[in-house]
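> Top to bottom, those sequences are chains A and B.
For the first sequence, my numbering gives the first residue as 100, with consecutive numbering after it.
For the second sequence, my numbering gives the first residue as 4, with consecutive numbering after it.
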Amino acid sequence: MAAHLMRPRAGCALHGALYAATAIDGVTPLVHATPGCGVQAGLWQGVGGCGASWPTSNLSEKHIVFGGASRLREQIKNTRGVVSSEITVVLTGCPAEMIGDDVEAMAQEARDAGDEVLDLATAGFRGSAYHGYQSFLQAAVERTVAPGVTRAGLVNILGPVPHQDATWLAEIEELSRLIAGVGLIPNPIFGPFGGLSSLRATAQAELSVSLSPWSGAAVRALDDRFGIPWIESAGLPVGAAATGALLERIVAAAGEVDDAAARLFIDRERQREAYFIDRLLETLYRQGGARSFAVALPSLHAGGIVRFLSRTLGWSPAAIVVTDNPPAEHRSTLEDELPLVHYSEDDDEIAALIGSSGAEIVFGSSLERAVADRLAVPLIECAAPTRRLSLTSGFGGSRGGLTLLEAIVTASDQA
Amino acid sequence: MEKALQPPTRERRLNGVSAYLGDVASLIAELEAGPPASRIRTFSQVASDDVSIALRVLADVEGLGIVVHGARGCAGALVRSRPGRPWAVTNLDQRDTILGADGNLARTLRRLYQRHHPWGIVVVATPVVAINNDDIQAVAQELSDELGIPVVELRTDGFRSRIGATGYDIASAALASLVPPQHGRRRDLINLLAFERGPGLTAVAQQLAGLGLEVNLVPAGAGQEAFAKAAQAVLSVAVFQDESDVLRRELDRLHRVPFLHLRPPIGALGARRFVEAVAEATERPLPIRIDDRVSADLLEERRVVIALPPSQALAVVELVVQFGGRIAGISVDWIDSLHVEGLKALTNAATVALHVGAGQAFELVNWLGKIEPDLLIGTPAAAATAARARIAAVAIEGDDLLGAAGETKLATRIGRALAARQNGFTAGLGTSAYRAGWLKRSPDWHIKREVR
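1) Against H114(A), what residues of chain B qualify as contacts under a CB-to-CB distance less than 8 Å, listed in chain order?
2) Around the Cβ of E228(B), are there at least 16 other Cβ atoms within 10 angstroms (buried) or fewer (exposed)?
3) What's the gap between the Cα of E366(B) and the Cα of G360(B)?
4) Out of V125(B), A280(B) and V131(B), which has the shortest C-alpha to C-alpha gap to M197(A)?
5) If you follow the beta strand (DSSP E) that S239(B) is part of, which residue opens it and which one closes it?
6) Which residues in chain A have a C-beta closer than 8 Å to the C-beta of A91(B)? List them in chain order.
7) Note down the Cα distance separating S275(A) from G213(A), rounded to an integer number of angstroms.
8) Chain A partners of Y437(B), CB-CB under 9 Å?
9) Determine whether the Cβ of H162(A) lies closer than 9 Å to any Cβ atom of chain B.
10) Would you mind telling me which residues of chain A sit closer than 8 Å to W370(B), beta carbon to beta carbon, in chain order?
11) Of all the options I404(A), P438(A) and E444(A), which has the alpha carbon lying nearest to the alpha carbon of F494(A)?
12) For my contact list, L335(A) and V281(A) are in at a C-beta cut-off of 8 Å; report their separation, rounded to the angstrom.
13) Where does the unbroken alpha helix (DSSP H) through I256(A) begin, and where does it stop?
14) Any idea what DSSP makes of F262(B), helix, strand or coil?
15) For A469(A), would you say it is in contact with chain B, using Cβ-to-Cβ distances shorter than 9 Å as the test?
16) What does I134(B) reach in chain A if we use C-beta pairs closer than 9 Å?
17) Under 8 Å, CB to CB, which of the residues in the region 468-487 of chain A have a partner in chain B?
18) So with Cβ pairs under 9 Å, would you call W153(A) a contact of chain B?
19) W441(B) touches chain A at which residues, Cβ-Cβ below 7 Å?
20) Specify, as a first and last residue, the run of the beta strand (DSSP E) that P290(B) falls within.
21) Just to confirm my understanding: we take F407(A), look at its own chain, exclude 5 residues before and 5 after, and list those with CB closer than 6 Å. What are they?
22) So within the region 182-243 of chain A, which uninterrupted beta strand (DSSP E) runs reach at least 3 residues, ignoring any that extend past its ends?
23) Can you say whether P524(A) is buried or exposed, counting buried as having 16 or more other CB atoms within 10 angstroms of its CB?
24) Helix, strand or coil for G418(B)? Go by DSSP, reduced to three states.
25) Between Q144(A) and the rest of its own chain, which residues show a CB-CB distance below 6 Å, the 5 nearest in sequence each way excluded?
26) Ordered along the chain, which non-local residues of its own chain (more than five positions away) have a Cβ less than 6 Å from that of L302(B)?
27) Which same chain residues end up closer than 8 Å to A299(B) when comparing Cβ atoms and leaving out the 5 residues on each side of it in sequence?
28) Note down, in chain order, each residue of its chain lying with its Cβ closer than 6 Å to the Cβ of Q210(B), except the 5 sequence neighbours on either side.
29) By the three-class DSSP mapping on this structure, what secondary structure does G19(B) have?
30) For the region 102-111 of chain B against the region 40-59 of chain B, are there 3 or more C-beta pairs whose distance is under 8 Å?
31) Just to confirm the assignment, what range does the beta strand (DSSP E) spanning Y442(A) have?
32) For chain A, find out if any of its Cβ atoms is closer than 9 Å to the Cβ of S445(B); answer yes or no.
33) Would you report the Cα separation of A74(B) and L30(B), rounded to the nearest angstrom?
34) Between R385(A), A101(A), I256(A) and A269(A), which has its C-alpha nearest N94(B)'s C-alpha?
35) Alpha carbon to alpha carbon, how far is G315(A) from W370(B)? Give it in angstroms, no decimals.
36) Measure the Cβ-Cβ separation of Q315(B) and F243(B) and say whether it is below 9 Å.
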C-alpha cells in the first residue's frame, strides 16, 4: 500500500516517460489514457514548456467499459498521418492498464505494418515521474538501439530527467561542453543536440556517464547488451573541483585522449572559478561568511550542491533532504562523504526537517518558500516546482557552481 | 446540510457538442432540433478533462483542504497553487488499484486535518477510483462526523464527458454543498460568481459596490466566511454564465437565491450593461454613465478569428465589430444549449465559420491555414498555435477582458500584434510538428459520427 503524500513535487510514471519521449527529436509519445492524463503532465511543469499537444487515445466511458484497444489502433495509425516522427511510443496511463487493454498487440500490429512503434507500461500507479524516466530510458535502450561500430571518444550523458529536473537542459549542455572540452564527443540524447540518432548511437559509445540514480538501469542495460562501460557519479558535480574530478574519471575510463590537453582544460575551468570566487570573497564575508544551510533537492543536485557549499565555500549543512526517493541501491553513492541524509517526498515532513534545522539559507523548490520565510532566510530555487526559468543556466559543472554563487549573493543582498 | 446533486455531463444535461466544423446557423438548427449527433475523433490530442478543471476551481478557494484520491500524477493542477494551500494525494499504487484504498483515504483526511485544520475538505475522485469504485462517500461521511468539518465527495472521473467544462459543474455541486443554510435575506448583498480572479474581477466588483451593495465573490478567492454569506444574498450574478451554471442552480435549489441572467461584463459597454442590470434588479439608482469605450477603427475591416471559451468568444465578437473588424471564424472548446442565444445574436451567423475543437491544436492549425485570418484573438495556447502558422495573434484570458480596462487592454494588444506582423516577427516559425499531408486535408477528416 502506498503512503499518501502532502504536496508532492513530482508527477507520476506516465509523466516522466512522457517528458523523456518529448525531449527526443524524432520520437512522438502517444498517451493511451483519458484526456486529462496528458494535461496534468503539462500542469506539473508550469513554465517548463514541455508542450501539451501530445497525441492521445482520449479514452471515454465506452472504452472503459468495452475496452480501448480498437481506439488505440486507429490512434496509432492516424498519429503517423498527422505528426512528423520516426518512432511512436505508446505510453499507458492508469485507466488503460486497469481495464486490461492489449496494448502490446496493437503496437505489434503497427510494427507488422512497417511502423516503428514502441509500447511501454507507464501507469501512474507504477511510481513517480522519476520512475517513468527510468522505465522509458531502459526500454528505449533495450528495444530501439541496435549494436554498431564503436565511435572513438563518444560518451553517453544520462541522468537529468527532462522537464522534471528544473535545469535538465542546461545541465546536459554544460556536461556536453565539458566533455567536448577534454577532447571527447558528448552524446546527450535529450534536447536540441540529442535526438533519435543520438539515442541510437548510445550503442556505439565508448563510455556512459550516469549522473543520477535514475539512469542506472539504462547504463547497466547498455553495458549488458553492448559492453559499454559506465561511470556512476554521486549526482551532478557542482563547481570546478567536483567537475574536474569527474572529468578526470571520464578521461581515465575513455580510450585515447590527449591527457595534457584534457588536463589544461580542467585547470582552466578551475582557474576561471577561482578568479570569480576571489572577486566575490569580500562580498561573501560581508554577507556573513560561512553559513549553515539546508537543502531539499532531488538526487541530481542534492549531493553536488552540498559538497560545493561545504568544500569550496566552507559552509555547514544543517539539513540534507533528498526529495525524489531514489532507489535504495544507489543511496550509498549519493551519500558519499555527506553527513546524515534524509529521504522524503512529503512536503509536511520536508518542511519540518528544514524548519527545525536552524539553517541560515535554504536551497530547494518554490515549496520551501513558506519555511524559508518562517526562518526569515533566503531561498535559492534549484528544483521543481519553481518559478525560476532555467533555459541555459543550471547548477551543474564548473559554470553551474558560479551560477549558484550568483544566486546566493543576489538573494543574500536582497534579504 | 443538504446533499448536492451530482450533475450529469454537459453532453447529457445541455446537449453539449465537443466536435464540429461548419457554419453557425447549421449548428443552431441542429441544437434546436433535439440532441445533436455525437461526433468523435479518430485522432486526438490531450485536452482538459473534468478532473483538471475541477481542481483548478478548488485551488482558488481559500482555506479549503483538497485530497486527490488517485495516483500521484492526478494532482498536477494543484502544483502551482498558493504556498500553504492544504492539499494531498493518496498516491495509489498498483495494489491499491486492485484492492481499493478506503483506509488510505481516511488516513490522508485525518493527517491533512491534523496538520492544516482546513474549514472543509473536498475529496476529488480520479479515473482510478472511478474504475475500482472506492466508496468515497462513506469515508467522507465518517470523517466528516469524526473531524467535525464538512468532508465532501467530488465525483469526477475523467472519461464520462468529452467536455472539460463538466468539471466546473461537478466542482460547483460540491462547493454549493459547503454553503450552510441561513435565515433571512440581505437586500444589500449579492453573490458574484467567478472562477478566476484578478484585477478585472476586482474592478467589476468595485463597480457593483458603487451601487451600495456588498459583493460576495464566490468561489474564486472565497473563504469560509464568503461561503457562509452566500445563502443570504438577494441574488447571484456571474461573470461567465456558462461556467457558473450549476453553481447558480444549486444556490437557487438549496437556498432559494435567484439568479440574474446577464451577458459577461466584457468591455466598457458590457460592464455598463452588467452594472445597470444589477442596479435595476436590486432597485438602486443607476450609476453615473461614463463613456469610456475605445472608439478606434483599429482593425480596418481585417478578418479576425476568435479562439476563446464560448461565453468569452461570443462577447468579444462585439468588441471586434466595434474596433472595425470582421469575424472570420470562432473556435471554442465546446458549445451547448446555454450558447444558442449568443450564437443567434451573431449578425452573419450563416457565414461565420465555427470550429468546436475541444483543445485540439492540430485541428486549429489546419483550420487557420484554410481561412487565413489577419488576426487571432485567443487563449495563450491558441495564440502560440497561430504564431506557428504565421498569423498575427493576441493572447488574452477571461479576467483580462473584464470591464472598460479589458477593452483598452485588448485594443492595445491588437495594436501591438498588428505592428509585430508588420515588423515580420519570427517567433514560432519553423517549429510545426505536423506533416504537410495533414495540413492539406480537411480539418475535420478524422471526425465521425458515433454509432449509438
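Backbone N, C-alpha and C define an ideal beta-carbon position, used for all residues, glycine too.
Considering the structure as presented:
1) G76 and G79
2) exposed
3) 7 Å
4) V131(B)
5) A236 to A241
6) H103, L104, M105 and R106
7) 35 Å
8) V181, V182 and S183
9) yes
10) Within 8 Å Cβ-Cβ: nothing; W370(B) doesn't reach chain A, min ~14 Å.
11) I404(A)
12) With a Cβ gap of about 17 Å, L335(A) and V281(A) do not count as contacting.
13) That residue, I256(A), is in no alpha helix (DSSP H); its beta strand (DSSP E) goes L253 to L257.
14) strand
15) yes
16) I163, C193, P194, M197 and I198
17) R468, A469 and P484
18) yes
19) G180 and V181
20) Note, P290(B): premise wrong, no beta strand (DSSP E); not H, not E.
21) V337, G338 and G500
22) 186-191 and 216-220
23) Given a span of 100 to 514 for chain A in the structure shown, any question on residue 524(A) remains unanswerable.
24) helix
25) H262
26) F326, G327 and G328
27) F326, G327 and A414
28) V278
29) coil
30) no
31) V440 to Y442
32) no
33) 39 Å
34) A101(A)
35) 45 Å
36) yes
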